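Residue numbers (this note's numbering), protein chains in the order written: chain A, 16 to 444; chain B, 16 to 444. Every residue gets a Cβ at the ideal spot worked out from N, C-alpha and C, and that includes glycine. For clarity, every value in this text was computed on a predicted model and none was experimentally measured. Following: one structure in structure tokens, then a few remarks.
2 protein chains.
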Amino acid sequence: MELKAMSKSELEAFLKETTEEYDGYKAKGLKLNMARGKPGADQLDLTEGMLTAVKSNADCYAEDGTDCRNYGIVDGLPEAKKLFAPMLGVSEDEIMVLGNSSLTIMYDNIAKFTVFGTGNGAEPWGVQAREKKLKWLCPVPGYDRHFLITEKFGFEMINIPTGENGPDMDMIEKLVAEDDSIKGIWCVPMYANPTGITYSDEVVKRLASMKTAAADFRIFWDNAYCIHHLSDTPDKLLNLLDEAKKAGNEDRVLMYASTSKVTYPGAGVAVFASSKANIDYVKSLMTVQSIGPDKINQLRHVKFFGDFNGVTEHMKKHAAIIAPKFKAVLDELEREIAPLGIASWTKPNGGYFISFNTMQGCAKEVCRLCKEAGVVLTGAGATFPYGKDPEDSNIRIAPTLPPIEELELAAKVFALSVKIASAKKLLAE
Amino acid sequence: MELKAMSKSELEAFLKETTEEYDGYKAKGLKLNMARGKPGADQLDLTEGMLTAVKSNADCYAEDGTDCRNYGIVDGLPEAKKLFAPMLGVSEDEIMVLGNSSLTIMYDNIAKFTVFGTGNGAEPWGVQAREKKLKWLCPVPGYDRHFLITEKFGFEMINIPTGENGPDMDMIEKLVAEDDSIKGIWCVPMYANPTGITYSDEVVKRLASMKTAAADFRIFWDNAYCIHHLSDTPDKLLNLLDEAKKAGNEDRVLMYASTSKVTYPGAGVAVFASSKANIDYVKSLMTVQSIGPDKINQLRHVKFFGDFNGVTEHMKKHAAIIAPKFKAVLDELEREIAPLGIASWTKPNGGYFISFNTMQGCAKEVCRLCKEAGVVLTGAGATFPYGKDPEDSNIRIAPTLPPIEELELAAKVFALSVKIASAKKLLAE
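Take a look at the structure:
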């Protein structure tokens, strides 16, 4: 029976019963975490062989004879470029392979564009910001750490609603055509954080070809989950750089990925791909900044995987571990929440998150209830710029870190918390 | 006989003879390099054991149980802080242990201060630069990559002459007391690049206590060679942070070092030490920028060295390899150049360089002659801001990279080039 169809007394009985069950879990003193998109230890164990992939002095040389222990090669080893170029579907002169992590490269690129400009003759964003507030488009719900960067750099962030095909392109096209103070957009185009959706071909094409009032408008294409499939019939994403080239807009495209959730979040390599002109520009700036990334760690990746096929095969092992975790949470939600008609959620084909929408005004209360019972969630609101979810509805569930027994417990506590918050809300109306 | 004492005909005979000898080397088609301060392969071989210091999943955990493979710990592992804090003589809450390399951290700190300010309430340097040109003090000769950073960020660089005790403190004190547009100074205080000198206690104390017109004046203390002794009676450097605390100026001190020339330039760790307030400030900014440095590589360092004593013992192995290289070059100079009275050079107790001063107006010609004979040197002028040595006199010799046989050859070519350039210069006067 849907909760909304219940009478007041039925709702009160439901709340009482649910609260008793919740209190039972609360009494257990649980310490569970569904907050961050972290791989579990069993996933990290998969890469043990990489630790000794470079194990002697003789192993430290690149194919061209470069001693990877010494200084140099600011844009990454040629064989690392070859390994990872297929991940983002670019050529080897359109990619840099750097250190740990892609978030740092995004931050660094925004810092560079702020101080030095985007390299196409437009004034540095920091200079333009003297005259007018600069703005940034943020498809929501989205990734809190993206929003933190643009908040820190002083951009006014504009929420863009996201549907099952991606962000609202009508709204985006209108905004960027009219307002030259809009300098960029955050996109997680595949298995998006947190919604799990993949941008449709039409959305990619429109992003690539749309007219922008600002010549230095940039798409920050964080393709973090591009090889993180959970199913045998993965989503497909059109290549933004290819589409942008067709429209002559390739310089607006900055694409990122990393091995943070492939090998190690704490010791991975990040890749940055863009037009040849942008790569050359960023490299010219990095030459002042860097003596080169950790080339030995790049060699470890190259030797461990061999080629890109080795990477995609490896990802199947991750999927085998985390797909059952997603299923455990989704099964609990389907069983306990679906019949009540009080929430909606995504069933992603890949990535690291389930995006859960409570009834309006319940997300914070759900998080509070979970926390009191020892289950940590990403704070409600975190998926929106400034931490402000106008509906107080979205919660990002990250099911990968806990062992599956803990996850099943956490999902139960979560479902009970949703029931309690919803019933209270309906009783208060 | 000193060259200056020769008659014209003696000089002409000297030039002819020397040029014949030079041409003999030139005909050999040499390919030798004394340009960059790179460790030789034999030095890099010393750290082979570090490659397998973390070799299994079980090895990946920090002392406090942190899984170093996963996300987190933006300021470095506690045991890495413990290992490296003695290197800069600071406590563990005054240090961050980061990734590869210290140059990148210096750049990053200048970028942060440009965009966000130094954290003490002063306006960001980028904002102040709207009103007036900001300036930076550059002890010369100095490190080209330092100067490149401040050039890139738009500072007007002011040359500060350096003597055997450090930079000219009378000049520095006067400048910083009067001009609040001076925001910082580059210092390599121990075995300086390239002069090899170590700052005297008095210089350190005056830098720590001097009055500055700018509240956001910062000393970039690149202590790159603090443990790179070449002798059993090493230089001693007073601790700048300690001295600055006595004067209440600890926030002006930013100290850097790395393991680039201890373990691997391509896969080392860098450390940044400062006042607790500065560390907290930079950490608060880095939390937006970084998911943490490569913690596995930090663990490798910790496991390989054990403690700081392990580091200093390891440095003796480096000294055993490179001290003979310095001796080979210095012996050649002593034998071939000293009697001619045409140049002066440093005999450092540590570090990576010999600083060589030709007669005025000869440095470029010496580098050109060396290059023509297949010996690459750091370009003349590189040790000065904007690449402009007003005397055209200073050449930085880096003796560590080539094997000793090659180095002896290169030193011969160098000495011959100095003789030729000097004789030509005297003949033209």
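Identification of residues in the stretch 198-226 of chain A having a C-beta nearer than 9 Å to some C-beta of chain B yields an empty set. Membership of glycine 39 of chain A in the alpha helix (DSSP H) is indicated by the continuous run 23-41. Against chain A, a Cβ distance below 8 Å from isoleucine 164 of chain B picks out Val303 and Gln304. Listed by position along chain B, the residues whose Cβ is nearer than 7 Å to that of leucine 392 of chain A form an empty set, because the closest Cβ is around 17 Å away.
Contact with chain A is found for cysteine 83 of chain B, since one of that chain's Cβ atoms lies less than 7 Å from the residue's Cβ.
DSSP, reduced to helix, strand and coil, places isoleucine 336 of chain B within a helical segment of the structure shown.
Comparing C-alpha distances from methionine 374 of chain B to each of B:Pro176, B:Thr327, B:His329 and B:Ser432 shows the shortest one belongs to B:Ser432. For isoleucine 110 of chain B, the enclosing beta strand (DSSP E) covers residues 110-112. By the CB criterion at 7 Å, isoleucine 212 of chain B and glutamate 179 of chain B fall inside the cutoff.
Boundaries of the beta strand (DSSP E) around lysine 198 of chain B: 197-202. Nearest Cα to aspartate 322 of chain A within the set A:Thr34, A:Tyr76, A:Lys96 and A:Ala42: A:Lys96. Every beta strand (DSSP E) of 3 residues or more that sits fully in the stretch 384-416 of chain A is shown, in chain order, as 390-392 and 409-412. If you look at tyrosine 296 of chain A, you'll find it in the alpha helix (DSSP H) that goes 291-304.
Counted as a single uninterrupted DSSP element, the alpha helix (DSSP H) harbouring isoleucine 311 of chain B occupies residues 310-320.
Annotation for proline 339 of chain B: Ile419 place their beta carbon closer than 7 Å to its own, counting only its chain and skipping 5 residues before and after.
Cβ contact annotation for asparagine 238 of chain B (same chain, cutoff 7 Å, sequence separation greater than five): Leu103, Pro204, Met205, Met270, Tyr271 and Ala272, in chain order.
Taking the C-beta atoms as reference points, proline 54 of chain B is found nearer than 7 Å to threonine 415 of chain B. Inclusion of isoleucine 125 of chain B and phenylalanine 168 of chain B in the CB contact set at 7 Å is warranted, their separation being smaller than that value.
Contact between the stretch 30-38 of chain B and the stretch 424-438 of chain B is present: three or more C-beta pairs spanning the two stretches fall below 8 Å.
The criterion of a C-beta distance shorter than 7 Å is satisfied by isoleucine 200 of chain B and leucine 152 of chain B. A buried status is given to glycine 396 of chain A, since no fewer than 16 other beta-carbon atoms sit within 10 Å of its beta-carbon.
With fewer than 16 neighbouring CB atoms inside 10 Å of its own CB, alanine 443 of chain A falls in the exposed class.
Per the C-alpha coordinates, the member of B:Asp185, B:Thr210 and B:Met186 positioned closest to asparagine 364 of chain B is B:Thr210. The C-alpha of asparagine 135 of chain B lies about 7 Å from the C-alpha of aspartate 231 of chain B. Taking 7 Å as the CB threshold, glutamate 63 of chain A lines the interface with chain B. Within chain B, the residues Glu63, Leu66 and Thr67 have their CB atoms less than 9 Å from the CB of serine 71 of chain A, given in chain order. Within a 10 Å sphere around the beta-carbon of asparagine 115 of chain A sit 16 or more other beta-carbons, which makes this residue buried.
Using a Cβ-Cβ cut-off of 7 Å, asparagine 115 of chain A counts as an interface residue toward chain B, since at least one Cβ of chain B sits closer than that to its own. Relative to the Cα of glutamate 78 of chain A, the nearest Cα in the group A:Thr62, A:Leu98, A:Leu61 and A:Met65 belongs to A:Leu98. Listed as beta-bridge partners of isoleucine 242 of chain A by DSSP are no residues whatsoever.
A direct Cα-to-Cα measurement between valine 268 of chain A and valine 326 of chain B gives close to 45 Å. Excluding the 5 residues flanking it on each side, leucine 422 of chain A has same chain C-beta neighbours closer than 7 Å at Lys340, Ala343, Val344 and Pro414, in chain order. Valine 112 of chain B is a Cβ neighbour of valine 286 of chain B, given a cutoff of 7 Å. Excluding the 5 residues flanking it on each side, glycine 356 of chain B has same chain C-beta neighbours closer than 7 Å at Glu17, Leu18 and Lys19, in chain order. Per DSSP, threonine 129 of chain A lies in no beta strand (DSSP E) segment; the continuous alpha helix (DSSP H) that holds it begins and ends at 117-131. Counting along the chain, phenylalanine 162 of chain B sits inside the alpha helix (DSSP H) bounded by residues 159-167.
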